[in-house]
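These notes concern the structure reproduced below.
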Amino acid sequence: MNTGLRLGAPVLVALIVIALWHGAVRAFDVPVYLVPSPVDVVHALIQDWELLSRSLWITLEITGLALLAATVLGVLLAFLFVQSRVIEASLFPYAVLLQVTPIVAIAPLIIIWVKNTLAALTLCATIVAIFPIISNTVLGLRSVDPGLMDFFRLKRASRWQILWRLRIPSALPAFFGGLRIACGLALIGAVVAEFVAGTGGSQTGLAYQILQAGYQINIPRLFAALLLITLAGVALFAAMTLLSRVALARWHETN
Amino acid sequence: MNAPPVLEARGVARRFANGVEALAPLDLTVRAGEFVTLLGPSGCGKTTLLRIFAGLDAPTSGSLLRRADGSQLSYVFQDPTLMPWASVAKNVRLPLDLERGGRRAGKQARDERVRHALERVGLADFADALPRELSGGMRMRVSIARALVTEPKLLLMDEPFGALDDITRQHLDDELLGLAANQGLTVVFVTHSIFEAVYLSDRVIVMSRRPGRIIADIAIDAPSRDAAFRVSPGFAMQAARLQAALLEGQQ
Numbered sequence: 145m146n147t148g149l150r151l152g153a154p155v156l157v158a159l160i161v162i163a164l165w166h167g168a169v170r171a172f173d174v175p176v177y178l179v180p181s182p183v184d185v186v187h188a189l190i191q192d193w194e195l196l197s198r199s200l201w202i203t204l205e206i207t208g209l210a211l212l213a214a215t216v217l218g219v220l221l222a223f224l225f226v227q228s229r230v231i232e233a234s235l236f237p238y239a240v241l242l243q244v245t246p247i248v249a250i251a252p253l254i255i256i257w258v259k260n261t262l263a264a265l266t267l268c269a270t271i272v273a274i275f276p277i278i279s280n281t282v283l284g285l286r287s288v289d290p291g292l293m294d295f296f297r298l299k300r301a302s303r304w305q306i307l308w309r310l311r312i313p314s315a316l317p318a319f320f321g322g323l324r325i326a327c328g329l330a331l332i333g334a335v336v337a338e339f340v341a342g343t344g345g346s347q348t349g350l351a352y353q354i355l356q357a358g359y360q361i362n363i364p365r366l367f368a369a370l371l372l373i374t375l376a377g378v379a380l381f382a383a384m385t386l387l388s389r390v391a392l393a394r395w396h397e398t399n
Numbered sequence: 081m082n083a084p085p086v087l088e089a090r091g092v093a094r095r096f097a098n099g100v101e102a103l104a105p106l107d108l109t110v111r112a113g114e115f116v117t118l119l120g121p122s123g124c125g126k127t128t129l130l131r132i133f134a135g136l137d138a139p140t141s142g143s144l145l146r147r148a149d150g151s152q153l154s155y156v157f158q159d160p161t162l163m164p165w166a167s168v169a170k171n172v173r174l175p176l177d178l179e180r181g182g183r184r185a186g187k188q189a190r191d192e193r194v195r196h197a198l199e200r201v202g203l204a205d206f207a208d209a210l211p212r213e214l215s216g217g218m219r220m221r222v223s224i225a226r227a228l229v230t231e232p233k234l235l236l237m238d239e240p241f242g243a244l245d246d247i248t249r250q251h252l253d254d255e256l257l258g259l260a261a262n263q264g265l266t267v268v269f270v271t272h273s274i275f276e277a278v279y280l281s282d283r284v285i286v287m288s289r290r291p292g293r294i295i296a297d298i299a300i301d302a303p304s305r306d307a308a309f310r311v312s313p314g315f316a317m318q319a320a321r322l323q324a325a326l327l328e329g330q331q
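From first to last, the protein sequence lines stand for chains E and W.
Sequential numbering of the first sequence, starting at 145, is according to our numbering.
Sequential numbering of the second sequence, starting at 81, is according to our numbering.
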């Protein structure tokens, strides 16, 4: 599929949806406090830009920190897991436990325990984002071509040489797959944690703006904040895809 | 043949953990400079024997004497088994890079040996290519260059050309014979192709189906190994002898 179509087709769909939305709101004379028109949303976005951009930055900061923490911790845990089956068997169920526990259920506790709001929110988002990194990296580190492994053993390669020259490169495609899932989850985790925290003051992310706008029935601003979250998610995903392409493009078939 | 033995298997047998008996006790001596082929049906333990020769597997009973240490031995697998993320040159350099301590040569010396090995298999122009950019036959040649770069004395090859088309295969057979003669290599070659066995070998070891035993140890007499030999009556006769021995092993 050529690039023009891949970029052009979704943009066309967006334009059609926006046009239909605008037309429907105008045609049925829907009040702005129920469904604002796209023009109202853009207007709110421009008018409240100072407020919204500050919140966007905070949400992105939490997402970025959480993604970084999830990547570093997830990769370290994956290395630990592949060192021995005993370690993996003892710890992996707890990674799953972390994954299946809804973050909204434990976020209040974390927010009570961790004084610093930014740290608490980052921790929540990290918990949400870490699982795909761990599981994909473990899978990747284990998916070594057995023939190549024989070759390394035949040449009496050290454990370190096998890790550095064989396991890590073999793990890269699966790792990047995990990273792409994790970046979306980090954003979701950040937003959910912000909802639960619901703190006022200056350190407020986009979720707080959505809550506030809802209370004040400022629906255009609510939509504008929602739009920013969505765009941030798409941008993050695109950035991770690009990163994975730069790292793997030459040798990996799926890219 | 009075050349010193490179491999001496005495009563070597292998039984897998699941109880399957892969190799019955067998004796085999391979002497320096010989081209010995292990011929037999699929699953007869040829690969197991080759892996035991390489030290990748250990016999359950019997003893194996190998007069070639790790650095003098190279193994070519059924598949090219190249690192897909590394260039041809880096793949060929791998065994040199893995050497440790005083044995490891400087980077320039290693690169020089890689260039030389690639020239020998006719891939000097593809040093920077990635494996996926090459054809199946070229990948196999990279794998052979990687085996030759350490200048081994003993080359163990497990059906290296099995997945290739006939034309490529015959071409690589000729290259292999040239290399073995030039380098004075001792080669143990596994195949299930009777014609390839006759064409390449000084000696063919015919094995029975599982558990693998040696049925026949046949010396191949070849005036010259070229296209004329492939279509000569002598070639056909020796192929027929191997065929008969193989059939006998099926009984």
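The beta carbon of each residue, even a glycine, is placed where N, CA and C say it ideally should be.
All values reported here derive from a predicted model rather than from experimental measurement.
Closest Cα partner of residue i within the set the options
i	options	result
residue 174/W	177/E, 293/E, 153/E	293/E
residue 282/E	206/E, 302/E, 232/E	232/E
residue 337/E	228/E, 291/E, 255/E	255/E
residue 222/E	212/E, 211/E, 235/E, 210/E	235/E
residue 106/W	133/W, 313/W, 97/W, 319/W	133/W
residue 316/E	288/E, 258/E, 248/E, 329/E	288/E
residue 357/W	143/W, 147/W, 142/W	Within the shown structure, residues of chain W are numbered from 81 to 331, placing residue 357/W beyond reach of any answer.
residue 166/W	158/W, 142/W, 214/W	214/W
residue 97/W	140/W, 82/W, 118/W	140/W
residue 122/W	314/W, 261/W, 290/W	290/W
residue 283/W	82/W, 218/W, 111/W, 115/W	115/W
residue 335/E	280/E, 278/E, 286/E, 272/E	272/E
residue 158/W	188/W, 237/W, 131/W	237/W
residue 301/E	325/W, 330/W, 178/W	178/W
residue 207/W	82/W, 274/W, 169/W	169/W
Proximal residues to residue i (C-beta, below 6 Å), its chain only, five neighbours per side dropped
i	result
residue 145/W	88
residue 339/W	As displayed, chain W neither begins before 81 nor continues past 331, which places residue 339/W out of reach and without an answer.
residue 285/W	118, 294, 297
residue 181/E	166, 169
residue 232/W	152, 153, 154
residue 301/W	none
residue 325/W	286, 295, 296
Residue i versus residue j - alpha carbon distance
i	j	result
residue 328/W	residue 92/W	22 Å
residue 138/W	residue 311/W	40 Å
residue 162/W	residue 154/W	15 Å
residue 348/E	residue 199/E	6 Å
residue 242/E	residue 165/E	40 Å
residue 269/W	residue 191/W	28 Å
residue 248/E	residue 340/E	7 Å
residue 271/W	residue 241/W	9 Å
residue 355/E	residue 361/E	10 Å
residue 319/W	residue 262/W	26 Å
residue 278/W	residue 265/W	18 Å
residue 227/E	residue 358/E	50 Å
residue 171/W	residue 222/W	8 Å
residue 230/E	residue 237/E	12 Å
Neighbourhood of residue i by C-beta, 8 Å cutoff - its chain only, sequence neighbours within 5 removed
i	result
residue 296/E	305, 306, 309, 310
residue 109/W	85, 87, 88, 89
residue 399/E	Its pLDDT being 42, under 50, residue 399/E is placed unreliably by the model, and the measurement read from it follows with that caveat. Answer for residue 399/E: 388, 389, 392, 393, listed in chain order.
residue 340/W	Nothing about residue 340/W can be reported from this structure: the residues present for chain W run from 81 to 331 only.
residue 196/E	189, 350, 353, 365, 368, 369, 372
residue 176/W	184, 185, 190, 193, 194, 229, 230
residue 253/W	241, 276, 279, 280
For residue i, three-class secondary structure by DSSP
i	result
residue 104/W	strand
residue 292/W	strand
residue 173/E	coil
residue 163/W	coil
residue 140/W	coil
residue 399/E	Only weak support is given to the placement of residue 399/E: the predicted model assigns it a pLDDT of 42, under 50, and the value that follows is read from those uncertain coordinates. Residue 399/E: coil per DSSP, three-state reduction.
residue 214/W	coil
residue 147/W	coil
residue 120/W	coil
residue 294/E	helix
residue 184/W	coil
residue 342/E	coil
Beta-bridge partners of residue i, as assigned by DSSP
i	result
residue 236/W	155/W, 268/W
residue 383/W	No statement about residue 383/W is possible, as the shown extent of chain W runs from 81 to 331 and does not include it.
residue 297/W	285/W
residue 93/W	141/W
residue 348/E	For residue 348/E, which the question treats as bridged, DSSP gives no partner whatsoever.
residue 115/W	267/W
Own chain residues within Cβ distance below 7 Å of residue i, not counting five before or after
i	result
residue 216/W	243, 244
residue 131/W	137
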